[in-house]
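Numbering (our numbering), first residue to last: 574 to 852. Every residue gets a Cβ at the ideal spot worked out from N, C-alpha and C, and that includes glycine. Keep in mind the model is a prediction, meaning the values are calculated, not measured.
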Ligand SMILES: [Zn+2]
């Protein structure tokens, strides 16, 4: 398995995130390339890009994944927010290309009070723009937690979105806590197998690019998104064992986005490696 974690940059610069990933025994890493709570697009000068690329190459960590800032909403009902999101998205795509980022994760978006078709249309247009602008970086849509107005949380909705975007380059990121919140029974082996079958049946398995491996504080189907450390939430040992050994889900990198510190995430990564290892 290829395992890593979302890590924060340090004051020393964005390349400090690479040291954070190494502390966790990670194979890969996920970062923000701009302030996750601000609209400002990422801005790096030549020397900053050079230092990051050098550190990334020296670390051997791959893939390098970026997550779009949280403020954006690719399906927003508000024209100003939608416009600002697209500007931020394209600015982030350009920064990712320069920084050697492999995957850029973007939430599927939520339409608020709009009807779902309008929200879906806005998300589709946003993803088309991003995919066509990207060069080396693959744009990946992350499914949501079944929360109100979400454009895509479950595989049927992901299929609808991908079909409408109609571009093979668009990838998918599945977050275990989101799927569980949306009602997918990842706490039992049959549920995990059912998910993998559905991904294959909807031809989404070949689009799968990344798993966000998070336990869930709340129970299955709660439609509430709060991450827990692996084994401390509701997914349970049977669920994690099935997930780690699933041939579809296990074929792509896994990234922790859990609340634990470096030491806890290091243990969670080691735990998942043991679960995936043949007995
Ligand atoms: Zn996630």
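In the structure shown, the three-state DSSP call for residue 591 is helix. For residue 640, the enclosing beta strand (DSSP E) covers residues 637–640. Given a length threshold of 3 residues, each whole run of the beta strand (DSSP E) inside the segment 662–736 is given here in chain order: 676–680, 711–715.
Note on geometry: alpha-carbon atoms of residue 803 and residue 787 lie some 6 Å from one another. Between the C-alpha atoms of residue 668 and residue 641 there is a straight-line separation of about 11 Å. In this structure, the alpha-carbon of residue 657 lies about 8 Å from that of residue 645. Relative to ligand 1, the nearest heavy atom lies less than 8 Å away from the CB of residue 787.
Here residue 784 is bridged, per DSSP, to 747, 827. CA-to-CA, the gap between residue 652 and residue 726 works out to about 23 Å. Fewer than three pairs of CB atoms, one per stretch, sit closer than 8 Å, so the segment 601–611 makes no contact with the segment 838–850. CA-CA distance, residue 746 to residue 771, rounds to 15 Å.
For residue 773, the three-state secondary structure derived from DSSP is helix. Taking C-beta atoms under 8 Å as the contact rule, residue 713 and residue 744 qualify, at a distance of about 4 Å. C-alpha of residue 700 to C-alpha of residue 826: approximately 22 Å in a straight line.
Counting only the Cα atoms, residue 716 lies some 7 Å from residue 731. Taking all protein chains in view, the Cβ of residue 710 is crowded by 16 or more other Cβ atoms within 10 Å, so the residue is classified as buried. Counting along the chain, no alpha helix (DSSP H) covers residue 604; the unbroken beta strand (DSSP E) around it starts and ends at 601–604. For residue 844, the enclosing alpha helix (DSSP H) starts and ends at 835–849. For residue 755, the number of other beta carbons within 10 angstroms of its own is at least 16, and it is reported as buried.
In summary, residue 615 is buried, with 16 or more beta-carbon neighbours lying within 10 Å of its beta-carbon over all protein chains present. Counting along the chain, the unbroken alpha helix (DSSP H) around residue 629 starts and ends at 619–632.
If you look at residue 804, you'll find it isn't in any alpha helix (DSSP H); DSSP assigns it neither H nor E. The C-alpha of residue 720 lies about 26 Å from the C-alpha of residue 811.
Close CB contacts of residue 629 within its chain, under the 7 Å cut and outside five residues either way in sequence, are with 591, 637, 673 (chain order).
Cβ contact annotation for residue 831 (same chain, cutoff 6 Å, sequence separation greater than five): 787, 800, 802, in chain order. Using a 10 angstroms sphere on the CB of residue 773, the tally of other CB atoms stays under 16, which defines it as exposed. Note that the C-beta distance between residue 808 and residue 736 is not below 9 Å.
As the crow flies, the alpha-carbon of residue 779 is around 22 Å from that of residue 706. Across the set 694, 650, 703, the C-alpha of 650 shows the shortest separation from the C-alpha of residue 686. Across the structure, residue 586 and residue 633 are spaced so that their CA atoms are roughly 19 Å apart.
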